[in-house]
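Participant:
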Amino acid sequence: MESNGHQADFDLANIDPAEIGKVVAATDDAQLREGMQGPMRAQIIGEVFGRMKEFFKPENAQGQEAVVHWKITDGPDGSVDHWEVVVRNGELTVTDSPTETPRVSLTMDGVSFLKLVTGAEQGPTMFMSGKLQLEGDMMFAANIQSMFTLPGS
20 MESNGHQADF DLANIDPAEI GKVVAATDDA QLREGMQGPM RAQIIGEVFG RMKEFFKPEN
80 AQGQEAVVHW KITDGPDGSV DHWEVVVRNG ELTVTDSPTE TPRVSLTMDG VSFLKLVTGA
140 EQGPTMFMSG KLQLEGDMMF AANIQSMFTL PGS
């Protein structure tokens with residue numbers, strides 16, 4: 020998306036998440052990696068976390084209290100994006116400035132992140148193949164996905 024040599028603004032908020040899921044599933048890893056290492060990375064990640072409340076299923080989080088840290092590696096110049104998702108009293112809060120001690124930390128590269136949040140790959144499969152690293156409460160980590168409706172599901 021170039022316009023007079025400058026990155027054009029691209030509004031991801033107007034794109035249907037189910038369509039994003041289809042695109043991620045149909046795109047090869049090299050192309051996804053290129054996108055997640057480029058100038059759109061922050062916007063893509065920010066949009067995913069910004070929409071988490073929209074896909075949160077509070078009925079599946081009753082009685083749960085957890086802080087989940089997401090570490091998305093392989094950014095430009097080796098950068099890591101660090102986000103915090105808090106589930107408390109059936110509510111969800113999200114921030115890109117983690118402050119609380121996590122119950123579980125999820126670490127993955129940008130391609131794996133896109134595949135996980137769109138449902139293109141399942142967390143347990145990613146964990147077993149080494150694409151997803153977990154620290155902390157493994158039993159809780161196995162249930163995180165049930166607290167969200169994945170695009171296209």
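Positions 20 to 172 (the numbering used here) are the ones given, in order, by the sequence shown. Built from N, CA and C at the ideal position, the CB exists for glycine as well. Since the structure is predicted, the reported quantities are computational estimates derived from the model, not experimental observations.
What does the alpha-carbon distance come out to for the pair Met166 and Leu125?
Facilitator: Roughly 16 Å separates the two Cα atoms.
Participant: May I ask which residues mark the beginning and end of the alpha helix (DSSP H) holding Asp48?
Facilitator: Run containing Asp48: Asp48 to Met55, per the alpha helix (DSSP H) assignment.
Participant: Smallest Cα separation from Phe75: which of His101, Phe146 and Val106?
Facilitator: It is Val106 whose Cα lies nearest to the Cα of Phe75.
Participant: Run through the DSSP bridge pairs and tell me what Phe167 is partnered with.
Facilitator: Phe167 is bridged to Phe75.
Participant: Mind checking Ser98: buried by the 16 CB within 10 Å criterion, or exposed?
Facilitator: Burial call: exposed.
Participant: Closer than 6 Å by C-beta to Phe132: which residues in its own chain qualify, once you throw out the five before and the five after it? Chain order, please.
Facilitator: Answer for Phe132: Ile91, listed in chain order.
Participant: On the premise that Val123 lies in contact with Val87, defined as a C-beta separation below 8 Å, what is that separation, rounded to the nearest angstrom?
Facilitator: The Cβ separation is near 6 Å, so the contact holds.
Participant: Quick one: what's Ala85 bridged to in DSSP?
Facilitator: Ala85 is bridged to Val106.
Participant: Using 8 Å as the threshold, is the C-beta distance between Leu179 and Met147 below it?
Facilitator: The structure shown has nothing for residue 179, since the chain only spans 20 to 172.
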